[in-house]
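Below is one structure, written out as structure tokens; comments come after it.
2 protein chains.
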Amino acid sequence: MTQPAGGRIAVAMRMHPGPGGLHTIAGVIARHRGDIKSVDIASETDQEARVYLEIELPGELSSAQLVDDLRALPVVTDVMLVNTLQNIYGKRVIIMGGGAQVGQVAIGAISEADRHNIRGERISVDTIPLVGEAALADAVRAVARLPRARALVLAGALMGGDIERAVREVRERGLLVVSLNMAGSVPDAADLVVTDPVQAGVMTVMAIADTAKFTVDRLQRRIF
Amino acid sequence: MTQPAGGRIAVAMRMHPGPGGLHTIAGVIARHRGDIKSVDIASETDQEARVYLEIELPGELSSAQLVDDLRALPVVTDVMLVNTLQNIYGKRVIIMGGGAQVGQVAIGAISEADRHNIRGERISVDTIPLVGEAALADAVRAVARLPRARALVLAGALMGGDIERAVREVRERGLLVVSLNMAGSVPDAADLVVTDPVQAGVMTVMAIADTAKFTVDRLQRRIF
């Protein structure tokens, strides 16, 4: 890894486990005017915690001094600069609903993501088969809390009620929502309605890909 | 949301943006003997940051007092208890490699996850089509940093070299690795080698599902 000046950096640390450690680390990062964007305790035993952080550094600052200062903390045993998850896994398309439809949408989305990733993009296709209005509404709302999520495909035969409200909420937060042509009110709430599941997957990936000439806002219709 | 005493809780907050805010929050949580497990800045504008935290609380403590103390911070504008991502999206199977094979493994894994999720589990199937030894080795190693990842399927026609080393590293960290029957040294390094991609997806989900009677350690052979 080179040590870039400024921008988003990612740090993998090993440290002594337990409450308070993160507070100490956050203090050092704040003194460097770093802005913590994510933290994950990747694993934790009685002896050791593995912690993964992504940090935004001001333009003129080098990551080397920050890494040295973190390494000097008694609670820290090892610090390594790594690639960000954005660089490795990139933007995420989330597909949820019935297993039969989710699988077919995934086929289309994965094939299309392959074509863009070969040209240097990074697009992931993440799925969960789920049943029930409450479970799906909860999962739709939680997409807003998933890192790097850019688009959601609702792949089922009947979805409405609180799922429709959840779709409108996440669209307001900037998420693109595509719906299969199905019963219920979710298609009315989506940005785009696509009848063929493979095509739905392809179109969703095209809509978020930088290497595709496809813009939802410029479409003459929203149902395909 | 009920307010459980102890265990893992999830909090969605709105706060003023900028460096140092997380340090303040981590201080309050440490005073409550809470152990921060993950933090994500879900979105950030000049006016507002949306922050999502998961926190482990000691058994006897209620989350209500912690939420009140967070809400009282000047930097915080809103605090809401929400469902954890573990409860909503559950364990993750990660599939990576060539688009054709990743799509077929996904079909098997999604169908099988559907059968378990209907019985109350939560299993997600997450994928990325990727090409190239360095890109794949990097992506394999980064699975150790992905929250809730439990198993990895390598779905390609030829994988070896540094990808093999990365597979051995993540297996040592407790990840189950399944490989398609392919050229290169990755099948030698995997827990399980499966020839049919749909079957590979099904078996991987069965191996991590609580509702399945399938244990990799009890298999009489590792190549199918």
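One line per chain: the protein sequences are A and B, in this order.
Convert by adding 11 to the 1-based position in the first sequence; the result is the number in the numbering used here.
Convert by adding 11 to the 1-based position in the second sequence; the result is the number in the numbering used here.
Backbone N, C-alpha and C define an ideal beta-carbon position, used for all residues, glycine too.
At least one C-beta of chain B is nearer than 8 Å to the C-beta of P140 (chain A). By the criterion of a C-beta distance shorter than 6 Å, H27 (chain A) is surrounded in its chain by V86, once the five residues flanking it on both sides are discounted. Nearest Cα to G167 (chain A) within the set A:A124, A:H127 and A:A211: A:A211.
For the segment 175-186 of chain A, residues whose beta-carbon sits nearer than 8 Å to a beta-carbon of chain B comprise R184 and G185. Contact between V22 (chain A) and I52 (chain A) is absent: CB atoms are separated by about 13 Å, not below the 8 Å threshold. For R19 (chain B), the three-state secondary structure derived from DSSP is strand. V164 (chain B) is outside the set of residues whose beta carbon lies under 8 Å from a beta carbon in chain A.
Secondary structure at M24 (chain B): strand, using DSSP grouped into helix, strand and coil.
In the structure shown, I129 (chain B) falls within a coil segment according to DSSP collapsed to helix, strand and coil.
Secondary structure at V86 (chain B): coil, using DSSP grouped into helix, strand and coil. Excluding the 5 residues flanking it on each side, G109 (chain B) has same chain C-beta neighbours closer than 6 Å at G167, in chain order. Interface with chain A (8 Å Cβ-Cβ cutoff): P158 (chain B) is included. DSSP, reduced to helix, strand and coil, places T206 (chain B) outside both helices and strands of the structure shown, so it counts as coil. Non-local beta-carbon contacts of V181 (chain A) in its own chain, meaning distances under 7 Å to residues more than five positions away in sequence, involve V151, R152, V154, A155, L163 and V188 in chain order. Close partners of G195 (chain B) in chain A (Cβ separation under 9 Å) are lacking, with about 19 Å as the shortest Cβ gap. Boundaries of the beta strand (DSSP E) harbouring L163 (chain A): A160 to A166, taken from the DSSP string. For R176 (chain B), the enclosing alpha helix (DSSP H) stretches over residues D173 to E183. According to the DSSP secondary-structure assignment, E144 (chain B) is paired through a beta bridge with no residue.
Below 8 Å, too few C-beta pairs join the segment 93-108 of chain A and the segment 89-96 of chain B to call them touching: fewer than three. When secondary structure is reduced to three states using DSSP, M214 (chain A) falls in the helix class. Residue-level contact by beta carbon fails for D80 (chain A) and chain B, as no gap is shorter than 8 Å. Per DSSP, the beta bridge partners of G108 (chain A) are A:P140 and A:A166.
Chain-ordered, the chain A residues with CB closer than 8 Å to the CB of G29 (chain B) read D46. E123 (chain B) is positioned such that its CB atom lies no closer than 8 Å to that of V204 (chain B). Contact between A145 (chain B) and D173 (chain B) holds, since their C-beta atoms are separated by about 7 Å, short of 8 Å.
Contact between the segment 226-235 of chain B and the segment 109-121 of chain B is not established, with fewer than three Cβ pairs separated by less than 8 Å. Among the residues facing chain B, A37 (chain A) is included, as its CB has a counterpart in that chain under 8 Å away. In the DSSP assignment, D46 (chain B) falls within the beta strand (DSSP E) that extends over D46 to E55. In this chain, the alpha helix (DSSP H) harbouring L33 (chain B) covers G32 to R42.
Under the three-state reduction of DSSP, S73 (chain B) is assigned to strand. Interface criterion met: the Cβ of S49 (chain B) is under 8 Å from a Cβ in chain A.
Within chain B, no C-beta atom comes nearer than 9 Å to that of S74 (chain A); the closest sits roughly 15 Å away. Nearest to L77 (chain A) by C-alpha distance, out of A:D137, A:I40 and A:V142, is A:I40. At a C-beta separation below 7 Å, L84 (chain B) has no neighbours in chain A, since its nearest C-beta there lies roughly 14 Å away.
Per DSSP, L187 (chain A) is one residue of the beta strand (DSSP E) stretching across L187 to L191.
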